[in-house]
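When the sequence shown is numbered by this note's numbering, its final residue is 330 and no position is left out of the sequence of numbers. Where is the CB? At the ideal position from N, CA and C, for every residue including glycine. First up is the structure itself, then whatever we jot down about it.
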Amino acid sequence: MSERVAILGATGYSGRELVERLRRHSRVELVRAACRQDVGKNLDQVLPGAPAQPLCSLEDVDFSQLDTVFLCLPHAASAEWGEHALKAGCRVIDLSADYRLKSAELYKQVYNLDHPHPERLQQAVYGLTELHRPQLQDAQLIANPGCYPTSVLLGLAPLQKAGLLGGLVVADSKSGVSGAGRSAALANLHGEVAENLRPYAVGDKHRHRSEMLQQLNGAADLLFVPQVAPCFRGMISNLYVDLPEGDVQRLYQEFYANEPFVKVLPAGDIAQMAHSRQTNLCVLSLHPMPEQGKLVVISTIDNLVKGAAGQALQNLNVAKGWPETEGLL
Ligand SMILES: NC(=O)c1ccc[n+]([C@@H]2O[C@H](COP(=O)([O-])OP(=O)(O)OC[C@H]3O[C@@H](n4cnc5c(N)ncnc54)[C@H](OP(=O)(O)O)[C@@H]3O)[C@@H](O)[C@H]2O)c1
């Protein structure tokens, strides 16, 4: 029998990506695609080029008829709807930040909100698939990582796991404007984004920094400068770390040798956004600079795929014990 699935927030950028992938997935039936403002329409009437998926209201979703619910909602709304789904016995895969941090105090500090269900924070498995695969098997509540953390943490993991990360990591990251979602904002207008490169939240003020520090678990400090790039989708993180001894190219190639969605480029090649666009790949390149004692790691993903919908589906595949690449190639 097919897995009965719903998407809450199907008219958002990440929701749309998920609709397309779930409709092609052979083991899934997309039973409900929900939103607030466009109820009764088909998705292609809201987002031209999208599938003609009928849209219902969130209130019309009967969680007792579902196996898995994807939350493509803003934070706070996710925790509210996630609770309904969890109580009905559904598996929940949340793309927002509501279940990523382990401490309710930190959540309040970072998001300026009291978490409505702090008891869920310990239950949630952080869904950076490559690093948490054993815990994801059969998990009921999965916190899909942020897009910036996915690009940064996969770029650092081989060093971190080998105990070779330390000091200060500088993450200089650029995202396509879709990273901010579809809600209207002056800063995201074409006229503001085109032919521009806009740093924001400079001074370690971006919320994703806390998520990354939690996962780095004291291995290194992090200086993070996010920027909006003049494109719709894509993400690239240039990571500057202390150069460890040994063959880092080999370390990374061996660490990711069996990963279907992480590709380490041959020495000398340089990763760029085009390597990962429209794919679930994280593409890495390594650039040792012995004279400066530094290693530059370049990590690129598509923020809407590996950074959001693709990784969410990858996590469902792992949770269910299905082939991990199903619906993603
Ligand atoms: N975009 C990315 O690259 C990316 C990457 C990783 C994670 N995320 C996270 O994934 C989530 C969705 O992001 P997105 O970019 O897809 O967002 P988005 O484009 O702004 O879409 C948000 C969706 O949620 C619905 N919605 C908005 N406010 C709501 C509320 N208060 N209650 C119920 N429904 C509401 C919207 O429907 P209506 O328009 O009908 O209200 C829409 O369907 C966010 O938490 C975001 O931080 C996004």
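Our contact map puts residue i next to residue j with C-beta atoms below 8 Å; I'd like the distance itself, whole angstroms only.
i	j	result
R101	E212	5 Å
T69	L317	6 Å
Within this structure, are the beta carbons of residue i and residue j separated by less than 9 Å?
i	j	result
Q250	P289	yes
L287	L217	no
L157	V170	yes
I299	A272	yes
P227	A186	no
S174	I237	yes
E1	R28	Because the chain is modelled from 2 through 330, residue 1 falls outside the range shown and cannot be assessed.
P75	G182	yes
L240	A144	no
D303	R199	no
A195	P146	no
Counting only the same chain and skipping the five closest in sequence on each side, list residues whose C-beta sits under 7 Å from that of residue i.
i	result
V40	L56, C57, S58
G79	One detail in the question is off: residue 79 reads as Ser in this sequence, not Gly. Excluding residues within five positions, the ones whose Cβ falls inside 7 Å are L72, D95, S97, D99.
P245	L160, L165
Tell me whether residue i, by its Cβ, gets closer than 8 Å to a heavy atom of ligand 1.
i	result
C333	Nothing in the structure corresponds to residue 333, since the chain is present only between 2 and 330.
C57	no
L9	yes
S277	no
D39	yes
C36	yes
T12	yes
A105	no
S97	yes
H76	yes
Output needed for residue i: all residues of its chain with C-beta closer than 6 Å, excluding positions within five of it in sequence on either side, in chain order.
i	result
A53	N43, D45
D403	The displayed coordinates of the chain run from 2 to 330. Any statement about residue 403 would go beyond what the structure contains.
R208	V111
With distances taken Cα to Cα, identify the nearest neighbour of residue i among the options.
i	options	result
Y257	H191, V47, R33, L132	L132
F64	G180, Y14, K88, A51	K88
L266	N259, V284, M274, A275	V284
V20	A310, Q315, K321, N316	A310
E81	S104, P119, S152	P119
Kindly examine ligand 3 and report whether one of its heavy atoms sits closer than 8 Å to the Cβ of residue i.
i	result
S184	By its list of ligands, the structure shown excludes ligand 3, since it contains just ligand 1.
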